[in-house]
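Participant: Residue numbers (the numbering used here): 894 to 1121.
Note that CB positions come from ideal geometry on N, CA and C, so glycine has one too.
My structure is below; once you've seen it, I'll send some questions.
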Amino acid sequence: MTQAKSPFNVVFVLFDNVTQLDFTGPAQFLCRMPGAKVHVAAASLDPVMTDVGFGIMPTVTFEDCPQADLLCLPGGLGVAPALSDDALIAFVRAQASAAQWVTSVCTGAFILGRAGLLQGRRATTHWGYTSLLPMVGALHEDARTVFDGNVVTAGGVTSGIDFALTIIAHLHGEDVARSLQLNFEYDPAPPFAGGTPATSPPHIVQAMQTRFYDDRSAEMETALHATA
């Protein structure tokens, strides 16, 4: 009698003010990966509020979560306060110790870093925060997805979809990844050129830096200093 094959557990770790697309983008693709089972882990089963104002229901608590084969930390406005959440950091560190893949999207990289998982690694994060990666021992690499051993980091928000497809291709081959890309009609054709500092008009980059990322980067830096 053939024994049933164990699922490939994909665990996303949520915290208040998470950016939902950092999570839902890769989750939509990874849940269709052959053998995958997605778990949404949080401190409790209460809804976790996203940074756009609606909640997401966790499926497991930190205590009940199975061992991840792939662990993923999304980012968001809640990362800076999450860095001082000892229970969350301990959960990430424990799960990462036995996971095949340890991954992040956007500023989720700093939670990996806080858990000591980026020391000496090449990594990326959202462009507004890349200068802070050395604070967690990482060397910034300018790419949407960066592999360093079993640690994979993705850039800002939509990069999470690229990361998911890259992982799927690595595990199951390019045809499977391409099939899922077709399934979800992922063929980006944005109405404007841009989306990175290198491809956006300088005045827009400067405006975004001044309006949002100077203050947010300073907040992250303060949180990293406080938890170092």
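Let me confirm a value: Ile1061 is counted as buried when at least 16 other C-beta atoms fall within 10 Å, else exposed. Which label applies?
Facilitator: Under the 10 Å beta carbon count, Ile1061 is surrounded by 16 or more other beta carbons and is classified as buried.
Participant: Go to Ala934, then tell me how far its beta strand (DSSP E) extends in each direction, as first and last residue.
Facilitator: Ala929 to Ala935
Participant: Rounded to a whole number of angstroms, what is the C-alpha to C-alpha distance between Asn902 and His1096?
Facilitator: 44 Å
Participant: Which class does Arg1015 belong to by DSSP, given the choice of helix, strand or coil?
Facilitator: strand
Participant: With DSSP as the reference, please indicate the residues paired to Asp1041 in a beta bridge.
Facilitator: Val1044
Participant: Cα-Cα, which of Asp962, Leu981 and Asn910 is closest to Ile949?
Facilitator: Asn910
Participant: Counting pairs of Cβ atoms below 8 Å between the segment 924 to 944 and the segment 1006 to 1016, do you hit three or more?
Facilitator: no
Participant: Can you check which of these residues, Val985, Gly968 and Leu970, is closest to Val904 by C-alpha distance?
Facilitator: Of the listed residues, the one whose Cα sits closest to Val904 is Val985.
Participant: Helix, strand or coil, according to DSSP, for Val1050 in the structure here?
Facilitator: coil
Participant: Taking the continuous alpha helix (DSSP H) assigned at Phe916, which residues delimit it?
Facilitator: For Phe916, the enclosing alpha helix (DSSP H) has its first and last residue at Gln913 to Leu923.
Participant: Run through the DSSP bridge pairs and tell me what Phe901 is partnered with.
Facilitator: Phe901 is bridged to Ala929.
Participant: Please tell me whether Thr1120 and Ser990 are closer than 7 Å, where the distance is taken between their beta carbons.
Facilitator: no
Participant: Answer with buried or exposed for Val945, where buried requires no fewer than 16 other C-beta atoms within 10 angstroms of its C-beta.
Facilitator: It counts as exposed.
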